[in-house]
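A short write-up of the structure that comes next.
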Amino acid sequence: MRIGIFVCYCGSNIAATVDVERVAKEVLKFPGVVFTQTNLYTCSEPGQTQIKKAIEEHNLNRVIVASCSPRVHNSTFMRTVETVGLNPYLFEMANIREQNSWIHDNRENATRKAIELIRMAVAKVNKNRELYPKYFDLNKNVLVIGGGVAGIQAALDIADGGKKVILVEKEASIGGRMAQLDKTFPTIDCSACILSPKMVDVGMHENIELLTLSEVIKVEGSVGNFKITIRKKPRYINLKDCTSCGECEKVCPVKYTNTYEVGLIKRTAISKMFTQAVPSAYFINRRGKEPCRSNCPADVPAQGYIALIREKKYAQALELHRKENPFPSICGRVCTHPCESNCARNYVDQPIAIMDLKRFIADYEANLGEIPLPVMAEKKNKKIAIIGSGPAGLTAAYYLLKNGYDATVFEALPFAGGMLKAGIPDYRLPSRILDIEIDLIKRMGAKVQTNSRIENSDAVRNLIQTGGF
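371 is the number that our numbering gives to position 360 of the sequence shown; each next residue is one higher, with no gaps.
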């Protein structure tokens, strides 16, 4: 390794508090360093010329410049070494100005610190390897999230520059908070007078694709090659067919709180957000929760996983179920299924067999082999103690583990499961089924300690002191 180090005076910026000549002499003793030099201004043309000359004369294969922040001149020096055939990634900068001379007034300490900063740069440059640029096709389309005044203006500016813009807004119309204002500060102009023309421009611009009632749920990839997943909610109205006449609104019998008017009035289930809304079309806000879900104690979206079952997407159906309830096998056998009692199909013929469908997808998964582990968050290095391994304790353990916590379950009985195992007969809830669900939690990392009774505050205090919870 043949390392050359160039220590910069930077006028008096560095030299005022750092003994530059002493630094240059000391760093020459470092392993691999064969050349050092001081410069008044290393970034100047004469300074760069000296770097090139030293590389050629001393056959340097690594270069360090001890001067200002890499944010200022790193690219300058990389280009300099590249012109004489040295790979630019074999160059390093040691920041002895912003991180040293400018923040210290003790010359001795600042000098020693400069030497140590260069020592670290030497260690780093020893590990550097030659790198070369790669070229990729870039997608020049632009995604703008949020259709408020800032998002609208950004979309218009970019689109006017010739780029394709996708503007994503979660509400039924763009406009954001500004659309709710009467006047704007400091000119006290009508907010709609300023905003409405811009909204119309967005709706008519050939380079802007407007996605309302939409939310970004996943971003993958890197700059120029992002892959965006967007969830678009249905408007239930065809934008092309709606003339915005308002006749539907006049006869709609359902009213709910108007959030655009901050709850001061009500709006009909079919409506526009406001008169100047863009897109200028009505939308239908579906009435609250489905009766099956609103009557489910665990708030499980039955209609969601049943729709996935219809598409034979059983794994996704189970994943959706476990977002609210981690035990489909158990609930598919012992639940009192109030969802079915309140199913809207009762008014037509008979309720959908929700509990049986839940049991089907759980058993289908179990019959395929070991149940796959859910996606788990990064470990948080925090321990949580759970007292009791009944349905509540096991559910708590599942979601704590899923969110990265270390969960330990303490059970007074000689077996896990609590009243699920002790109180429900085997013909209703076979032990084998319960054990499959408990085994999943154990494989996620749960520690289950049976014959461990925690019955008073002293026992809890002892658990905290000795167990690290």
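All C-beta atoms, glycine included, are put in the ideal place defined by N, C-alpha and C. All figures in this text were calculated on a predicted structure; none of them were measured in a lab.
>> Here's the rule I'm using: 16 or more other beta-carbon atoms within 10 Å means buried, otherwise exposed. How should Thr60 be labelled?
In response: The residue you call residue 60 lines up with position 49 of the sequence shown. Classification of Thr60: exposed, given that the 10 Å Cβ count is below 16.
> By Cβ distance below 7 Å, which residues in the same chain neighbour Glu448 in space, the five residues on each side in sequence not counted?
Replying inline: Position 437 of the sequence shown, counted from the first residue, corresponds to residue 448. Answer for Glu448: Phe338, Ser340, Ile341, listed in chain order.
> When you compare each of His332, Ile317, Lys283, Asn296 to Asp310 by their alpha carbons, which one comes out closest?
Replying inline: Position 299 of the sequence shown, counted from the start, is the residue given in the question as residue 310. Checked all of His332, Ile317, Lys283, Asn296; the closest Cα to Asp310 is His332.
> DSSP state of Gly214, grouped into three classes?
Replying inline: Locating residue 214 in the sequence shown gives position 203, where the first residue counts as 1. Three-state result, Gly214: helix.
> Over what stretch of residues does the alpha helix (DSSP H) that includes Glu119 continue unbroken?
Replying inline: To locate residue 119, count along the sequence shown from 1; it is residue 108. Counting along the chain, the alpha helix (DSSP H) containing Glu119 begins and ends at 118 to 138.
> Would you say Gly186 reaches chain C, if we count a Cβ-Cβ gap shorter than 9 Å as a contact?
Replying inline: Any reference to chain C falls outside this structure, which holds one protein chain only.
> How is Gln48 classed by DSSP in three states: helix, strand or coil?
Replying inline: Here residue 48 refers to the residue found at position 37 of the sequence shown. Correct three-state label for Gln48: strand.
>> I'd like the ranges of any beta strand (DSSP E) spanning at least 3 consecutive residues and lying wholly in the segment 272 to 296.
In response: 277 to 279
>> Give me the residue from Arg443, Glu335, Val136, Ile248 with the minimum Cα distance to Asn378.
In response: Taking the first residue of the sequence shown as 1, we reach residue 378 at position 367. Checked all of Arg443, Glu335, Val136, Ile248; the closest Cα to Asn378 is Arg443.
>> Assuming Leu101 and Asn72 are in contact, meaning their beta carbons sit under 8 Å apart, how far apart are those beta carbons, in whole angstroms?
In response: As a working mapping, residue 101 is identified with position 90 in the sequence shown. As a working mapping, residue 72 is identified with position 61 in the sequence shown. That belief holds up - the Cβ atoms of Leu101 and Asn72 are roughly 7 Å apart, short of 8 Å.
>> Closest to Asp417 by C-alpha separation, out of Ile25, Gly478, Gly15, Leu319, would be which residue?
In response: Start at 1 with the first residue of the sequence shown, and residue 417 comes out as number 406. Here the closest residue by C-alpha is Gly478.
>> Within 10 Å of its beta-carbon, does Gly58 have 16 or more other beta-carbons around it, so buried, or fewer, so exposed?
In response: In the sequence shown, the residue the question calls residue 58 occupies position 47. Buried, by the Cβ-count rule.
>> By the DSSP assignment, the alpha helix (DSSP H) with Arg242 in it spans what residues?
In response: In the sequence shown, residue 242 corresponds to position 231, counting from 1. No alpha helix (DSSP H) contains Arg242, which is instead part of the beta strand (DSSP E) from 238 to 243.
>> In the DSSP output, which residue or residues are listed as bridge partners for Ser305?
In response: What you label residue 305 is simply residue 294 of the sequence shown in a count that begins at 1. In DSSP, Ser305 forms no bridge with anything.
> Do the CB positions of Ile156 and Val179 come within less than 9 Å of each other?
Replying inline: The residue you call residue 156 lines up with position 145 of the sequence shown. The residue you call residue 179 lines up with position 168 of the sequence shown. Yes, Cβ-Cβ distance for Ile156 and Val179 is below 9 Å.
> Given Lys283, which residues of its chain have a CB within under 6 Å of its CB, disregarding the five upstream and five downstream residues?
Replying inline: Working through the sequence shown from its first residue, we reach residue 283 at position 272. Same-chain partners within the cutoff: Tyr293.
>> Just to confirm the assignment: which complete alpha helix (DSSP H) runs, minimum length 4, are found wholly within the segment 351 to 398?
In response: 365 to 378
>> When you compare the CB positions of Arg297 and Ala280, do they come within less than 9 Å of one another, or not?
In response: Numbered from 1 along the sequence shown, position 286 holds the residue referred to as residue 297. Numbered from 1 along the sequence shown, position 269 holds the residue referred to as residue 280. A contact, by the Cβ cut-off of 9 Å.
> Can you give the Cα-Cα distance for Thr406 and Gly428, rounded to whole angstroms?
Replying inline: By one-based count along the sequence shown, residue 406 stands at place 395. By one-based count along the sequence shown, residue 428 stands at place 417. Their Cα atoms are separated by approximately 11 Å.
> Roughly how many angstroms separate the alpha carbons of Ala26 and Tyr20, rounded to a whole number?
Replying inline: Stepping through the sequence shown from its first residue, residue 26 is reached at position 15. Stepping through the sequence shown from its first residue, residue 20 is reached at position 9. The alpha-carbon atoms of Ala26 and Tyr20 are separated by roughly 5 Å.
>> Please return the same chain residues whose Cβ sits closer than 6 Å to the Cβ of Cys354, not counting the five positions on each side in sequence.
In response: As a position in the sequence shown, residue 354 is number 343, starting the count at 1. The residues are Cys303, Pro362, Ile363.
>> Taking its Cβ as the centre, do 16 or more other Cβ atoms sit within 10 Å of Met366, making it buried, or is it exposed?
In response: Working through the sequence shown from its first residue, we reach residue 366 at position 355. With 16 or more other Cβ atoms within 10 Å, it is buried.
> With a Cβ-Cβ cutoff of 9 Å, do Glu422 and Asn467 count as a contact?
Replying inline: Taking the sequence shown and counting its residues from 1, one reaches residue 422 at position 411. Taking the sequence shown and counting its residues from 1, one reaches residue 467 at position 456. Not in contact: Glu422 and Asn467 (Cβ atoms no closer than 9 Å).
> Would the beta-carbon of Phe147 fall within 9 Å of that of Ala77?
Replying inline: What you label residue 147 is simply residue 136 of the sequence shown in a count that begins at 1. What you label residue 77 is simply residue 66 of the sequence shown in a count that begins at 1. Their beta carbons are not under 9 Å apart, which means Phe147 does not touch Ala77 by this criterion.
>> Taking DSSP's pairing of strands, which residues face Ala105 in a bridge?
In response: Start at 1 with the first residue of the sequence shown, and residue 105 comes out as number 94. According to DSSP, which records beta bridges pairwise, Ala105 is partnered with Ala77.
>> Distance check for Ile75 and Ala125, CA to CA, integer angstroms please.
In response: The count along the sequence shown starts at 1 and reaches residue 125 at position 114. The count along the sequence shown starts at 1 and reaches residue 75 at position 64. Distance between the alpha carbons of Ala125 and Ile75: 13 Å.
> By Cβ distance below 6 Å, which residues in the same chain neighbour Glu226 in space, the five residues on each side in sequence not counted?
Replying inline: Reading the sequence shown from its first residue, position 215 is the one you call residue 226. The answer, listed in chain order, is Lys181, Arg242.
>> Considering only the alpha carbon of each residue, which of Gly159, Pro81, Pro441 lies closest to Ala190?
In response: Within the sequence shown, the letter at position 179 stands for residue 190. It is Gly159 whose Cα lies nearest to the Cα of Ala190.
> What are the start and end residues of the alpha helix (DSSP H) that includes Tyr100?
Replying inline: Stepping through the sequence shown from its first residue, residue 100 is reached at position 89. Taken as a continuous stretch (DSSP letters only), Tyr100 belongs to no alpha helix (DSSP H), as it is neither H nor E.
> What number of angstroms, rounded off, separates the C-alpha of Gln494 from the C-alpha of Pro441?
Replying inline: In the structure as shown, the chain begins at 12 and stops at 480. Residue 494 is therefore absent and cannot be evaluated.
> Run through DSSP, which three-state label would Lys229 get?
Replying inline: Reading the sequence shown from its first residue, position 218 is the one you call residue 229. In this structure, Lys229 counts as strand in the three-state DSSP scheme.
> Counting Cβ pairs closer than 8 Å, one from the segment 260 to 274 and one from the segment 206 to 218, do we hit at least three?
Replying inline: no
>> Is it the case that the segment 445 to 459 contacts the segment 376 to 394, given that we only count it when at least three CB pairs across the two stretches are under 8 Å?
In response: yes
> With which residues is Tyr267 paired in a DSSP beta bridge?
Replying inline: Residue numbering aside, residue 267 sits at position 256 when the sequence shown is read from its first letter. BP columns for Tyr267 point to Arg278.
> So is Met104 buried or exposed if we call it buried at 16+ other beta carbons inside 10 Å?
Replying inline: If you number the sequence shown from 1, residue 104 lands on position 93. Buried is the call here.
> Between the C-alpha atoms of Tyr358 and Ile169, what's the straight-line distance to the nearest angstrom?
Replying inline: Along the sequence shown, read from residue 1 onward, the residue named residue 358 stands at position 347. Along the sequence shown, read from residue 1 onward, the residue named residue 169 stands at position 158. Answer to the nearest angstrom: the Cα atoms are 53 Å apart.
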